[in-house]
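In this text, residue positions in the sequence shown follow our numbering: the first is 1, and each later residue adds one. The structure under discussion appears below in the form of structure tokens.
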Amino acid sequence: MFASPQSATRSIAGLYQEVQVDTGVSGASPHRLIDLLFEEFLASCARARGAIRARDVQEKGRAIGRAVRIIEEGLRGGLNMQGGGELARTLQDLYGYVSLRLTQANLHSDDALVAECVSLVQPIHDAWRAIAPREAGAVGSSTPQ
Numbered sequence: 001m002f003a004s005p006q007s008a009t010r011s012i013a014g015l016y017q018e019v020q021v022d023t024g025v026s027g028a029s030p031h032r033l034i035d036l037l038f039e040e041f042l043a044s045c046a047r048a049r050g051a052i053r054a055r056d057v058q059e060k061g062r063a064i065g066r067a068v069r070i071i072e073e074g075l076r077g078g079l080n081m082q083g084g085g086e087l088a089r090t091l092q093d094l095y096g097y098v099s100l101r102l103t104q105a106n107l108h109s110d111d112a113l114v115a116e117c118v119s120l121v122q123p124i125h126d127a128w129r130a131i132a133p134r135e136a137g138a139v140g141s142s143t144p145q
């Protein structure tokens, strides 16, 4: 479904360093990097919603811009369209829709549109976490193998 682990890791790690997320990106697995993208997307949407409510146009634009970049360059850009089959095509379409709706939310300062995007991406993030490989040596981990 996603591009080769090495190219995806470089691309995603670069995006994360650029958006200044304070995590251990350099040692993260490709699976964890995608998880980090989902986390930062959701955090950016939360910041955008707060900025919309506070009528902070600059912060709204920054937060929505970051969320769109994560969707486009990280999640959508990392899809393996040749090997990912129907799932990759469906995610590509969904991510395109989310980018469009975020752009509309930015133009109209529409909190409900940002909330819609969160409601579309959150289940994918939850599913991604559910298939996380168990980390070696993790004690008491509830993540399925």
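Note that beta-carbon positions come from the ideal geometry of N, C-alpha and C, so glycine has one too. Only a predicted model underlies this, so the values are computations on that prediction, with no experimental measurement involved.
Proximity to I71 across V98, S109 and G50 peaks at V98, based on C-alpha coordinates. Counting C-beta pairs closer than 8 Å gives fewer than three between the segment 45 to 56 and the segment 125 to 132, which falls short of the contact rule.
Between S44 and A28 the beta-carbon gap is near 19 Å, outside 8 Å, which marks them as no contact. Selection T103, P123 and L94 evaluated against L79 yields L94 as nearest (Cα-Cα). Per DSSP, N80 is not a residue of any alpha helix (DSSP H), being assigned neither H nor E. With 16 or more other Cβ atoms inside 10 Å of its own Cβ, R49 counts as buried. In the DSSP assignment, P123 falls within the unbroken alpha helix (DSSP H) covering D111 to A130. Around the beta carbon of E86, fewer than 16 other beta carbons sit within 10 angstroms, so the residue counts as exposed. With 16 or more other CB atoms across the displayed protein chains lying within 10 angstroms of its CB, G74 is buried. Annotation: the continuous alpha helix (DSSP H) that includes D93 extends over G85 to H108. By the beta-carbon neighbour count (other beta carbons within 10 angstroms, threshold 16), R89 is exposed. When rounded, the separation of the alpha-carbon atoms in R101 and F38 is 17 Å.
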